[in-house]
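Colleague: Below: one structure in structure tokens.
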Amino acid sequence: MEVVIVPDAKAGGELIAEAMAALVRRKPDALLGVATGSTPLPIYEALAAKVRAGEVDAARARICQLDEYVGLPAGHPESYRSVVLREVVEPLGLDESAFMGPDGSAEDVQGACEAYDRALAEAGGVDLQLLGIGTDGHIGFNEPCSSLASRTRIKTLTEQTRVDNARFFEGDIDQVPHHVITQGIGTILEARHLVLLATGEGKADAVAATVEGPVASVVPASALQLHPHATVVVDEAAASKL
Ligand code: GLP
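Position one of the sequence shown corresponds to residue 5 (this note's numbering), numbered consecutively onward.
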């Protein structure tokens, strides 16, 4: 695992956007796995700026989703499908045909999970998967004690994650769904390159456990230690307990 300490979130976003741009220059139809949350936004802004400036042609890039809430009505602005379309797909000048994600409104949720795992494999696998990290060390929505071999499946959110994510639902925890679909840790580990960005002091404990702790399901992000090509980019605040 490579750990890169950057001065701030903007520098982290720029560094990772350049890595993504370099990948797309090498492989124009690369499958880019993206994450939601506030942390990766500087990456998407920097990458879209490179596309607008003509530094990279992303017209053939493909975007796939890491996780999704279950049960939000189609088109809900906080469904991760809506978020990824709004924050990544559209700013890169792509349309929905470039996008893949699990169907969080499917009646057969387990079937939707299995279909998504198959679709990722049939698409040739994820070239670069971006990850954020929860304050409890979760990646995607793989909460602590998720199996390190898990596949895409339905999970129940912890109270802590629902509290953390209430800010996207007018601060009202009752609006935060209890259930989600997430790529499993085993699924995530199949991506060719994993890039985790963590910024701010609130992530410092989770980052220290991820990078320096034992590989353990209680810290799902520690599974990155098992991956042959994992990069952890942290700002100085998030690195403060390393
Ligand atoms: C959610 C997402 C994760 C994300 C995490 C942290 O739980 N499912 O993919 O990493 O939030 O979000 P933030 O970057 O806003 O702290």
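Every residue, glycine too, gets a C-beta built ideally from N, C-alpha and C.
(1) Is it true that the CB of Ser86 sits closer than 8 angstroms to the CB of Glu72?
(2) Distance, Cα to Cα, Pro181 vs Gly41?
(3) On the three-state DSSP scale, how would you describe Gly37?
(4) Taking Cβ to Cβ, would you say Gly141 is nearer than 8 angstroms to Ala210?
(5) Please classify Asp209: does DSSP put it in a helix, a strand, or coil?
(6) One question on the structure: do Ala34 and Leu132 come within less than 8 angstroms of each other, judged by their Cβ atoms?
(7) Would you decide whether Thr43 is buried or exposed? Buried here means 16 or more other CB atoms lie within 10 Å of its CB.
(8) Would you please state the rounded distance, in angstroms, between the beta carbons of Asp121 and Arg66? I believe it to be under 8 angstroms.
(9) Would the C-beta of His80 count as close to the ligand GLP, meaning under 7 angstroms from any of its heavy atoms?
(10) Candidates Ile137, His183, Ser101: which alpha carbon is nearest Ala208's?
(11) Assess, as a yes-or-no matter, whether the stretch 90-104 is touched by the stretch 156-172 under the definition of 3 or more beta carbon pairs within less than 8 angstroms.
(12) Among Leu96, Arg196, Gln179, Glu205, which one has its Cα closest to the Cα of Thr139?
(13) Excluding sequence positions up to five away, which residues of its chain have a Cβ less than 6 angstroms from the Cβ of Thr18?
(14) Contact defined as beta carbons within less than 8 angstroms: I believe Val251 pairs with Val7. What is the distance between those atoms, to the nearest angstrom?
(15) Figure out for me which residue from Ile189, Leu246, Ala241 has the closest Cα to the Cα of Val223.
(16) Using 8 angstroms for Cβ pairs, my map puts Ile47 next to Ile20. What's the rounded Cβ distance?
(17) Reducing DSSP to helix, strand and coil, say where Glu72 ends up.
(18) Could you check the C-alpha separation between Pro148 and Asp178 for me, to the nearest Å?
(19) Should Ile137 be counted as a contact of the ligand GLP given a C-beta to heavy atom distance under 7 angstroms?
Modeller: Let's see:
(1) Position 68 of the sequence shown, counting from 1, holds the residue named residue 72. Position 82 of the sequence shown, counting from 1, holds the residue named residue 86. Contact: no.
(2) For the purposes of this step, residue 181 is taken as the residue at position 177 of the sequence shown. For the purposes of this step, residue 41 is taken as the residue at position 37 of the sequence shown. Going by the C-alpha atoms only, they are around 15 angstroms apart.
(3) Along the sequence shown, one-based indexing puts residue 37 at 33. Correct three-state label for Gly37: strand.
(4) Here residue 141 is taken as the residue at index 137 of the sequence shown, counted from 1. Here residue 210 is taken as the residue at index 206 of the sequence shown, counted from 1. Closer than 8 angstroms, so yes.
(5) Here residue 209 refers to the residue found at position 205 when the sequence shown is read from its first residue. In the three-state reduction of the DSSP assignment, Asp209 falls in the helix class, which pools H, G and I.
(6) Along the sequence shown, one-based indexing puts residue 34 at 30. Along the sequence shown, one-based indexing puts residue 132 at 128. Ala34 places its beta carbon less than 8 angstroms from that of Leu132.
(7) The count along the sequence shown starts at 1 and reaches residue 43 at position 39. Counting Cβ neighbours within 10 Å, Thr43 comes out buried, since at least 16 surround it.
(8) Within the sequence shown, numbered from 1, the residue matching residue 121 stands at position 117. Within the sequence shown, numbered from 1, the residue matching residue 66 stands at position 62. Cβ-Cβ separation between Asp121 and Arg66: approximately 16 angstroms, too far for a contact (criterion under 8 angstroms).
(9) Position 76 of the sequence shown, counted from the start, is the residue given in the question as residue 80. Incorrect: His80 has no Cβ contact closer than 7 angstroms to the ligand GLP.
(10) Position 204 of the sequence shown, counted from the start, is the residue given in the question as residue 208. Of the residues Ile137, His183, Ser101, the one whose Cα lies closest to the Cα of Ala208 is Ile137.
(11) No, they do not touch.
(12) Within the sequence shown, the letter at position 135 stands for residue 139. Ranking the options by Cα distance to Thr139, first place goes to Glu205.
(13) Here residue 18 refers to the residue found at position 14 when the sequence shown is read from its first residue. A small fix is needed here, since residue 18 is Glu in this sequence, not Thr. The residues are Ala50.
(14) There is simply no residue 251 to check, as the chain begins at 5 and stops at 246 in what is shown.
(15) Here the question's residue 223 lines up with position 219 in the sequence shown. Just measuring C-alpha positions, the residue of Ile189, Leu246, Ala241 sitting nearest Val223 is Ile189.
(16) Counting from one through the sequence shown, the residue named residue 47 turns up at place 43. Counting from one through the sequence shown, the residue named residue 20 turns up at place 16. About 5 angstroms separates the Cβ atoms of Ile47 and Ile20, confirming a contact at the 8 angstroms cut-off.
(17) As a first step, residue 72 is located in the sequence shown; it is residue number 68 there, counting from the start. Note: Glu72 maps to strand in three-state DSSP.
(18) As a first step, residue 148 must be located in the sequence shown, where it is residue number 144. As a first step, residue 178 must be located in the sequence shown, where it is residue number 174. So the two alpha carbons sit approximately 22 angstroms from each other.
(19) Here residue 137 corresponds to residue number 133 of the sequence shown, with the count starting at 1. Checking the Cβ of Ile137 against the ligand GLP gives yes.
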